[in-house]
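So the structure is just underneath, and the comments pick up after that.
Protein chains in written order, with the working numbering: chain E, 5 to 733; chain G, 345 to 456.
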């Protein structure tokens, strides 16, 4: 049984590789003639096969092997990469993903999956039988990828049928009464030493050398019928302080790579020794080192030079290979700089930072109370540092949204193929970062929106041409940061929404009254209402339908909002707005009576004294902010706080998206680092509170959910208008 | 194995008996001293009846040392014990002394 943690690593790695593979396949399918991309696909398949082999997951090895063989021929230019073949490989990829999932769940493949695998292997093998000349009819339209011969792996295994033994004796071997050469004599009893190279590189210069320490190493090519255990047992006495590596005959190339990596000498020197031992032919060495170069550091560049010196390969070939290796190793280096961390550990860290902030605020308060200037100064420094720690801790969890966006290449390809539409996906803002927990949860709603856009938004080609649009539809995914939130846009250049149909449907369903005077935007956003869409609504509405209310619910669960813009015949845009993080925010603390409230600082635009409007006799609902209409609300009224009004009330102007509002409060208390603690289920109905936090004094402050509060004000206004209209009747 | 004729700057050091872990410490000093006082040194190995890995690496060290200080060092009169191990180690080429290695017939076709 494979230990769980290894298996998990295997699954995670496979999934990553499959993602890369899919990405590359989608590019290839778009007829991109890039050998590097074919290589990427090949490498992904190759690595999956290798690791599956290590775990003894044979069915994956067998399946991947078939795929790899075809890919190898594509690399060498024997088989052209047609869009048909790319499509087949996408199926291969899907099947592999399924197999990996089965491994992850530790379950067996059903016969259905088995059969699919067999049929895919058969299809792949058909390509192996074919030669390029058989397919000349297709050649003209197909991008043919020619690969320099040098890049081709001759075989996975090394030709020698001898064992290879690498020994590096520890310094105390002599003192322990043993002689390395006596082991050689023992070896001779098991078979014959074909070639032995004594390594004296480790012997230091005269003064530094201790003649009683052992500095010797050996590389031995050994011919024997004995098994590995028997050979190993010879070295039982010295196993503890020696480096012993035994490779069986016909070992895999990668095992030699590992050997070269593990031994202390320079790779170049080792390579020569391996050739000298007759274990590797120069060509095999070249092969080993070339693949090696894709993993490692700079020193192997020398090997290329050595090979040139020995005139094994011509300089241009090596230059080409080195250039390639350099690119690959640069890429690998980037990867090597990443560390995989358990998400739980990060969460724990962020929790701790949260506690640290609260404790820091407490200390700060005590310092102020004590009035010790020194202490206040030092706590100020401390809290600045804590703030920085908080930001870096949160940044750890930030991931780019590009990975999520790229998944939609596949969704767009599949859905458009299914519907017979030709659609381009344009991605922008892929480097926009947001919290990992948010990224994970945004995938499903986004998929829904993308599918909807393709299905209902973008018209069939004929209709598009008739409307004077290009036949090829365009779908855009965009992301950007705005006022402490991230905005994700899904837009299409399709037919847009039909206002009338939506309105009629909504009236029919009793969602709005017939007399209601709704703006265009309000009408469009009706499609997010629960109960608006049902299965039959989709078929007779040209607009979107299924489950938009589910999408909205998902977004709201992330404390986000969703809205929609549409221009008939020109397309529509769905805009999702999400908070950057779910854990800690910069807050602005305000006071109403004795209670403290926190408003997210990112949303605060300005603070104005209410007295500025003392002469203004409004209706108590709107303020005139430099000519702008600003709806406002007293927090005292909103939260029904008792107590006397204060003389100098202040207005905090907040902005969310395109809307602004004023919140009237008693006191402005300044910036406060806020660790968001979720409210219990009991407060679920309360839309205007987003959570609470603990102040330094141990008191609790409520966090104002600005979008929720705005929504509530809006809602009450609409209700008020309706009742007013009803009363006047 | 005939001796070479000597001239004045040419000195001969003979090693008697063991060239093994038991003698290397003392031999190291003797050989280094010999090397420092002569331009050209000849090391007679004909009396060596026991030779092991420690002895071998001592010879490697002294050969390297001679090369690094620009002096000439020859090994001569290799005894059977020395020849055996030199052959096994594949280091005969490294020392570059003229040798006559007689292949033992017992091994099944040992290619060079």
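Glycine included, every Cβ here is placed at the ideal spot set by N, Cα and C. No experiment lies behind these values; they were computed from the predicted model shown.
Open item on the list: Counting only Cβ-Cβ distances shorter than 8 Å, please list the residues of the stretch 392-423 of chain G near chain E, keeping chain order.
Closed with: 396, 397, 398, 400, 401, 402, 404, 405, 406, 408, 409 and 412
Task: C-alpha gap between residue 194/E and residue 33/E, whole angstroms - done: If you number the first chain from 1, residue 194/E lands on position 190. If you number the first chain from 1, residue 33/E lands on position 29. Approximately 56 Å, taken between the alpha carbons.
Task: Interface flag, residue 15/E vs chain G, CB-CB below 8 Å - done: Numbered from its first residue, the first chain carries residue 15/E at position 11. So no, residue 15/E is outside the interface.
TODO: Taking residue 220/E as the query, report the chain G residues whose CB atoms sit under 7 Å from its CB, ordered along the chain.
DONE: The residue labelled residue 220/E in the question sits at position 216 within the first chain. Simply 397 and 401.
Open item on the list: Give me the chain E residues within the contact set of residue 368/G, using Cβ-Cβ distance strictly less than 8 Å, ordered along the chain.
Closed with: Your numbering for residue 368/G matches position 24 in the second chain. Ordered by position in chain E, the residues that pass the 8 Å Cβ test against residue 368/G are 215 and 216.
TODO: Give the C-beta separation of residue 48/E and residue 21/E to the nearest angstrom, bearing in mind that I take them to be a contact with Cβ-Cβ under 8 Å.
DONE: Position 44 of the first chain, counting from 1, holds the residue named residue 48/E. Position 17 of the first chain, counting from 1, holds the residue named residue 21/E. Right, the Cβ-Cβ distance comes to about 4 Å (below 8 Å), so this counts as a contact.
Task: Completely contained beta strand (DSSP E) runs for the stretch 449-530 of chain E, where each covers 3 or more residues - done: 477-486 and 489-496
- [ ] Decide if residue 361/E is buried, meaning its Cβ has at least 16 other Cβ atoms within 10 Å, or exposed.
- [x] Start at 1 with the first residue of the first chain, and residue 361/E comes out as number 357. By the 10 Å Cβ count, residue 361/E comes out buried.
TODO: Give the DSSP-derived three-state secondary structure of residue 676/E in the structure shown.
DONE: For the purposes of this step, residue 676/E is taken as the residue at position 672 of the first chain. Strand.
Open item on the list: Between residue 185/E and chain G, is the shortest Cβ-Cβ distance under 8 Å, so that the two count as touching?
Closed with: In the first chain, counting from the first residue as 1, residue 185/E sits at position 181. True, the Cβ-Cβ gap to chain G drops below 8 Å.
TODO: Please compile the residues from chain G whose C-beta is within a distance smaller than 8 Å of the C-beta of residue 279/E.
DONE: As a working note, residue 279/E is residue 275 in the first chain. Within chain G, no residue comes near residue 279/E; the closest Cβ sits about 14 Å away, beyond 8 Å.
TODO: Mind reading off the beta-carbon distance from residue 70/E to residue 45/E? Whole number of angstroms is fine, and I expect it under 8 Å.
DONE: Translated into the one-based positions of the first chain, residue 70/E becomes position 66. Translated into the one-based positions of the first chain, residue 45/E becomes position 41. Contact doesn't hold; Cβ gap of about 14 Å is too wide.
TODO: For residue 218/E, count neighbouring Cβ atoms within 10 angstroms of its own Cβ and tell me buried if that reaches 16, exposed if not.
DONE: To locate residue 218/E, count along the first chain from 1; it is residue 214. By the 10 Å Cβ count, residue 218/E comes out buried.
Task: Assigned secondary structure, residue 726/E (DSSP; H/G/I helix, E/B strand, else coil) - done: Walking along the first chain from the start, residue 726/E turns up at place 722. Helix, per DSSP.
Task: residue 724/E to residue 571/E span [Cα, whole Å] - done: Numbered from its first residue, the first chain carries residue 724/E at position 720. Numbered from its first residue, the first chain carries residue 571/E at position 567. Roughly 30 Å separates the two Cα atoms.
Open item on the list: Using a 10 Å radius around the Cβ and a threshold of 16 neighbouring Cβ atoms, would you call residue 474/E buried or exposed?
Closed with: For this step, residue 474/E is matched to residue 470 along the first chain. Label assigned to residue 474/E: exposed.
TODO: Give every residue of the same chain whose Cβ lies closer than 7 Å to the Cβ of residue 124/E, excluding the five residues on either side of it in the sequence, and list them in chain order.
DONE: For this step, residue 124/E is matched to residue 120 along the first chain. 95, 96 and 99.
Open item on the list: Buried or exposed for residue 381/G, going by 16 or more other Cβ atoms inside 10 Å?
Closed with: Position 37 of the second chain, counted from the start, is the residue given in the question as residue 381/G. Exposed, since its Cβ has fewer than 16 Cβ neighbours within 10 Å.
Open item on the list: I'd like to know whether the C-beta atoms of residue 203/E and residue 222/E end up nearer to each other than 8 Å.
Closed with: Counted from its first residue, the first chain places residue 203/E at position 199. Counted from its first residue, the first chain places residue 222/E at position 218. Yes, the Cβ-Cβ distance between residue 203/E and residue 222/E is below 8 Å.
Task: Neighbour flag for residue 434/G against chain E, beta carbons, 8 Å - done: Taking the second chain and counting its residues from 1, one reaches residue 434/G at position 90. Yes, because at least one Cβ of chain E sits closer than 8 Å to the Cβ of residue 434/G.
Task: residue 476/E versus 64/E, 591/E and 430/E, residue with shortest Cα-Cα distance - done: Position 472 of the first chain, counting from 1, holds the residue named residue 476/E. Looking at the Cα atoms, 430/E is the closest of the given residues.
- [ ] Spell out whether any CB of chain G is found under 8 Å from the CB atom of residue 75/E.
- [x] Position 71 of the first chain, counted from the start, is the residue given in the question as residue 75/E. So, not an interface residue.
TODO: Would you identify the three-state DSSP class for residue 582/E, choosing helix, strand or coil?
DONE: In the first chain, the residue the question calls residue 582/E occupies position 578. The answer is strand: DSSP assigns residue 582/E an E or B state.
Open item on the list: For a quick check, are the C-beta atoms of residue 581/E and residue 489/E less than 8 Å apart?
Closed with: By 1-based counting over the first chain, the position of residue 581/E is 577. By 1-based counting over the first chain, the position of residue 489/E is 485. Yes, they are a contact pair.
Task: DSSP state of residue 637/E mapped onto helix, strand, coil - done: Within the first chain, the letter at position 633 stands for residue 637/E. Three-state DSSP puts residue 637/E in a strand.
Open item on the list: So for residue 218/E, helix, strand or coil by DSSP?
Closed with: In the first chain, residue 218/E corresponds to position 214, counting from 1. Coil.
TODO: May I ask which residues mark the beginning and end of the beta strand (DSSP E) holding residue 439/E?
DONE: As a first step, residue 439/E is located in the first chain; it is residue number 435 there, counting from the start. Residues 437-439.
Task: Beta-bridge pairing of residue 418/G - partner residues as DSSP gives them - done: Along the second chain, one-based indexing puts residue 418/G at 74. The partner list for residue 418/G (beta bridge, DSSP) reads 386/G.
Open item on the list: Judging by CA-CA distance, which residue of 567/E, 506/E, 461/E and 660/E is the nearest neighbour of residue 608/E?
Closed with: If you number the first chain from 1, residue 608/E lands on position 604. Minimum Cα distance to residue 608/E is reached at 660/E.
Task: Environment of residue 385/E [buried if 16+ CB atoms lie within 10 Å] - done: Position 381 of the first chain, counted from the start, is the residue given in the question as residue 385/E. That one is exposed.
TODO: Check whether the Cβ atoms of residue 679/E and residue 603/E lie closer than 8 Å to each other.
DONE: Numbered from its first residue, the first chain carries residue 679/E at position 675. Numbered from its first residue, the first chain carries residue 603/E at position 599. In this structure, residue 603/E does not lie closer than 8 Å to residue 679/E by Cβ.
Task: Rounded straight-line distance, which links the Cα of residue 461/E to that of residue 668/E - done: Residue 668/E sits at position 664 when you count from the first residue of the first chain. Residue 461/E sits at position 457 when you count from the first residue of the first chain. Each residue's Cα considered, the two are about 43 Å apart.
Task: Backbone CA spacing between residue 503/E and residue 554/E [nearest angstrom] - done: The residue labelled residue 503/E in the question sits at position 499 within the first chain. The residue labelled residue 554/E in the question sits at position 550 within the first chain. Rounded to the nearest angstrom, the two C-alpha atoms are 21 Å apart.
- [ ] Give the straight-line distance between the Cα atoms of residue 456/E and residue 532/E, rounded to the nearest whole angstrom.
- [x] Position 452 of the first chain holds residue 456/E. Position 528 of the first chain holds residue 532/E. Rounded to whole angstroms, residue 456/E to residue 532/E spans 13 Å at the Cα level.
TODO: Give the C-beta separation of residue 227/E and residue 192/E to the nearest angstrom, bearing in mind that I take them to be a contact with Cβ-Cβ under 8 Å.
DONE: Along the first chain, read from residue 1 onward, the residue named residue 227/E stands at position 223. Along the first chain, read from residue 1 onward, the residue named residue 192/E stands at position 188. With a Cβ gap of about 11 Å, residue 227/E and residue 192/E do not count as contacting.
Open item on the list: Strictly under 8 Å for the Cβ-Cβ distance: is residue 314/E near chain G by that measure?
Closed with: Position 310 of the first chain, counted from the first residue, corresponds to residue 314/E. Unreliable positioning characterises residue 314/E in this predicted model, as indicated by a pLDDT of 45, which lies under 50. The coordinate reading is nonetheless provided below. Chain G contact via Cβ: absent.
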